[in-house]
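Chains as they are written, first to last, in this note's numbering: chain A, 21 to 424; chain B, 5 to 93.
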């Protein structure tokens with residue numbers, strides 16, 4: 021599972037039988053008490069019911085494989101929608117996208133709260149001390165003054181029926197072997213480098229001549245190094261973060277947003293025991309030609325359940341496709357090749373007005389940027405479904421693919 | 005000498021939780037995704053909010069909320085614009 025905390029929004033993505041929606045009320049309370057966001061349903065922040073008024077809310081999930089084993093309101097979409105309606109005091113809309121009898125996807129979305137159109141926060145505020153929270157007046161807030169976010173898009177790839185060979189990478193036993201091999205190679209290279217720096221060359225005694233003996237790398241020091249290395253190897257072949265890091269590199273995940281293009285990108289990964297994998301990536305915008313950081317930091321997240329019978333992997337990112345980085349089509353193909361799923365869906369959720377040059381159709385209408393981005397075929401897969409939703413301020417494109 | 009770039013995110017690991025996790029019962033792959041916005045963008049926070057909004061909330065404060073969800077914090081990757089929490093389950 022993963023959580024992303026931005027100044028103005030929070031994204032929480034949870035796996036298994038977690039009770040995600042049961043945390044919503046507390047989340048709204050924390051936003052009011054600790055972050056100072058306006059609330060409307062209590063007289064003071066001392067009231068535990070005090071809840072910040074959200075600007076907007078999205079809730080989505082794929083259909084569950086085992087809905088009866090879920091807890092809380094998550095046993096059915098109907099219960100989840102009722103819980104959201106009750107907590108958010110109505111105002112949301114619920115949708116199902118895709119074929120009812122196959123891998124469909126659910127979405128709950130609220131409209132932007134027009135009472136929350138505040139003035140900009142001064143940049144000169146010195147610290148994080150909360151200012152006193154205020155309630156929203158019945159006649160709404162002030163007039164619109166905020167600058168709306170640029171490049172607001174989210175790409176999600178949900179993959180099922182993973183290729184067993186590819187899924188194997190996300191089991192502890194396999195990952196430990198990979199880590200061990202990697203460390204052995206690194207240790208050999210380190211020893212070779214040390215020998216070379218001390219003037220020791222590899223080869224037969226005759227070939228080595230006067231350099232055949234190497235002081236400082238004798239058998240005893242080798243043993244000491246090997247002892248320390250043994251402990252290190254044991255830790256690096258069992259600890260979840262260490263293994264997660266090795267597997268991120270081994271499976272190709274680190275190359276989805278390569279450091280050659282995104283030099284400050286960082287991936288935090290964890291391999292679970294006996295299997296399963298989660299990773300978060302934080303991707304600062306690439307520097308421009310002048311070496312300046314032109315945009316905000318984005319994220320990606322990956323979760324893998326590799327067991328056959330219900331193998332599953334998800335990839336989500338809000339890194340803008342194209343521009344100076346990789347295109348949306350390149351990202352999709354790269355991710356799909358890591359897992360080789362039997363079938364997968366792609367959803368691209370994009371704020372309207374993002375496209376500078378909407379694509380003109382022959383009938384005089386315009387295609388949004390998101391529609392353009394998902395026209396490319398994915399090699400080795402057949403597209404089964406394509407559904408476009410035209411929301412109030414977002415375009416949603418849903419596509420479903422099966423392996424050929 | 006090398007010094008980390010100011011843009012390079014910083015990682016903190018919660019070893020106490022990360023050491024003894026068992027995923028044997030985490031059978032259900034498909035996740036639930038909740039996204040709650042409190043303002044249209046990071047640059048248009050309400051005047052009453054803290055200057056960095058939700059990013060000012062200490063990670064300890066999120067623990068109680070995550071307990072209700074049945075997740076624990078494994079590690080946090082901090083950056084200027086977003087903090088990324090890796091969670092159990």
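Virtual Cβ for every residue (Gly too), placed ideally from N, Cα, C.
* With a 10 Å radius around its C-beta and 16 neighbouring C-beta atoms as the bar for buried, classify residue 398 of chain A as buried or exposed. => Residue burial annotation: residue 398 of chain A is buried, with at least 16 other C-beta atoms found within 10 angstroms of its C-beta.
* Kindly indicate which residue of A:96, A:63, A:48 has the alpha-carbon position closest to the one of residue 36 of chain B. => The residue with the shortest Cα to Cα distance from residue 36 of chain B is A:96.
* Asked: Listed from N- to C-terminal order along the chain, which residues in the stretch 36 to 56 of chain B have their beta-carbon within a distance smaller than 8 Å of any beta-carbon of chain A?
  -> Within the stretch 36 to 56 of chain B, contact with chain A at the beta-carbon level (separation under 8 Å) is assigned to 36, 37, 38, 39, 40, 41, 42, 43, 44, 45, 46, 47, 48, 49, 50, 51, 52, 53, 54, 55, 56.
* Where the alpha helix (DSSP H) containing residue 211 of chain A begins and where it ends -> Per DSSP, residue 211 of chain A is one residue of the alpha helix (DSSP H) stretching across 192 to 217.
* residue 46 of chain A, buried or exposed, once every other Cβ within 10 Å from all chains shown has been counted against 16 -> Under this definition residue 46 of chain A is a buried residue.
* Report yes or no: is there a C-beta of chain B within less than 8 Å of the C-beta of residue 186 of chain A? => Taking Cβ atoms only, chain B never reaches closer than 8 Å to residue 186 of chain A, which makes this a no.
* Asked: Using Cβ-Cβ distances below 8 Å, what residues of the stretch 43 to 56 of chain A are close to chain B?
  -> Within the stretch 43 to 56 of chain A, the residues whose Cβ lies closer than 8 Å to any Cβ of chain B are, in chain order, 43, 44, 46, 47, 48, 50, 51, 54, 55, 56.
* Beta-carbon gap between residue 52 of chain A and residue 65 of chain A smaller than 8 Å -> A contact, by the Cβ cut-off of 8 Å.
* **Interface residues of chain A facing residue 86 of chain B [CB-CB closer than 7 Å]** => Simply 24, 25, 26, 302, 317, 319.
* Asked: Which chain B residues sit within Cβ distance under 7 Å of residue 354 of chain A?
  -> Chain order gives no chain B residues near residue 354 of chain A, where near means a beta carbon separation below 7 Å; the closest approach is about 20 Å.
* What residues from chain A crowd round residue 26 of chain B, counting only those whose CB sits closer than 9 Å? -> Those are 292, 293, 294, listed as they occur along chain A.
* Exposure of residue 414 of chain A, with buried meaning 16 or more beta-carbon neighbours within 10 Å -> So residue 414 of chain A counts as buried.
* Hey, could you find the ends of the beta strand (DSSP E) residue 361 of chain A is sitting in? => In the DSSP assignment, residue 361 of chain A falls within the beta strand (DSSP E) that extends over 361 to 371.
* To do: Report yes if the CB atom of residue 104 of chain A is closer than 8 Å to the CB atom of residue 79 of chain A, and no otherwise.
  => In this structure, residue 79 of chain A lies closer than 8 Å to residue 104 of chain A by Cβ.
* Go through the stretch 46 to 130 of chain A residue by residue and report every complete run of the beta strand (DSSP E) that reaches 3 residues or more, in order. => DSSP runs (the beta strand (DSSP E)) wholly in the stretch 46 to 130 of chain A: 76 to 82, 112 to 117, 125 to 130.
* Which residues mark the beginning and the end of the alpha helix (DSSP H) in which residue 18 of chain B is found? -> DSSP places residue 18 of chain B in no alpha helix (DSSP H); its state is neither H nor E.
* Asked: Is residue 414 of chain A close to chain B, meaning its C-beta is less than 8 Å from at least one C-beta of that chain?
  -> Under the 8 Å criterion on CB atoms, residue 414 of chain A is classed as non-interfacial with respect to chain B.
* DSSP bridge partner residues for residue 276 of chain A (one or two, in chain order) -> Looking at the DSSP output, residue 276 of chain A bridges to nothing.
* To do: Answer with yes or no whether the minimum CB distance from residue 82 of chain A to chain B is below 8 Å.
  => Chain B places a beta carbon closer than 8 Å to that of residue 82 of chain A, counting this residue as a contact.
* To do: Could you confirm whether any beta carbon from chain B is found closer than 8 Å to the beta carbon of residue 103 of chain A?
  => No, no contact with chain B.
* Can you tell me which of the three DSSP states residue 79 of chain B falls into? => In the structure shown, residue 79 of chain B sits in a strand (DSSP, three-state: E or B).
* Tell me where the beta strand (DSSP E) around residue 37 of chain A begins and ends. => Where residue 37 of chain A is concerned, there is no enclosing beta strand (DSSP E), given that its DSSP letter is neither H nor E.
* Along chain A, which residues have their Cβ under 8 Å away from the Cβ of residue 32 of chain B? -> Near residue 32 of chain B (Cβ distances below 8 Å), the residues of chain A are 35, 36, 37, 84, 85, 86, 89, 90, 325, 330.
* Asked: For residue 361 of chain A, which residues in chain B fall below 7 Å Cβ to Cβ?
  -> Neighbours of residue 361 of chain A on chain B: none; closest Cβ ~11 Å, over 7 Å.
* Asked: DSSP three-state call for residue 350 of chain A: helix, strand or coil?
  -> Helix.
* **Endpoints, alpha helix (DSSP H) assigned at residue 186 of chain A** => Note, residue 186 of chain A: alpha helix (DSSP H), 184 to 187.
* Which first and last residues belong to the beta strand (DSSP E) in which residue 323 of chain A is found? -> Taken as a continuous stretch (DSSP letters only), the beta strand (DSSP E) holding residue 323 of chain A covers 318 to 325.
* Does residue 20 of chain B come within less than 8 Å of chain A when only Cβ atoms are used? -> For residue 20 of chain B, the answer is no, since every Cβ of chain A falls outside 8 Å of its Cβ.
* To do: For residue 334 of chain A, go through chain B and note every residue whose CB falls closer than 7 Å to its CB, in chain order.
  => Here the neighbours are 35.
* **Beta carbon proximity, residue 40 of chain A to chain B, threshold 8 Å** => It does; some Cβ of chain B falls within 8 Å.
* Beta-carbon gap between residue 86 of chain A and residue 32 of chain B smaller than 8 Å -> Going by C-beta atoms, residue 86 of chain A is nearer than 8 Å to residue 32 of chain B.
* Show which residues of chain B have a CB atom less than 8 Å away from the CB atom of residue 77 of chain A. => Here the neighbours are 38, 39, 40, 41.
* Quick one: using the 10 Å Cβ neighbour count with 16 as the cut-off for buried, is residue 160 of chain A buried or exposed? => For residue 160 of chain A, the predicted model reports a pLDDT of 30, less than 50, meaning its position is unreliable and no value from the coordinates is stated.
* Asked: Say the cut is 7 Å; is the CB of residue 23 of chain B nearer than that to a heavy atom of the ligand MG?
  -> The ligand MG is not part of this structure, which contains no ligands at all.
* Asked: Between the stretch 293 to 313 of chain A and the stretch 361 to 368 of chain A, are three or more C-beta pairs nearer than 8 Å?
  -> Fewer than three beta-carbon pairs drawn from the stretch 293 to 313 of chain A and the stretch 361 to 368 of chain A are found closer than 8 Å, and the two stretches are therefore not classed as touching.
* Which residues DSSP lists as bridging residue 41 of chain B, in chain order -> According to DSSP, residue 41 of chain B shares a beta bridge with A:29, A:76.
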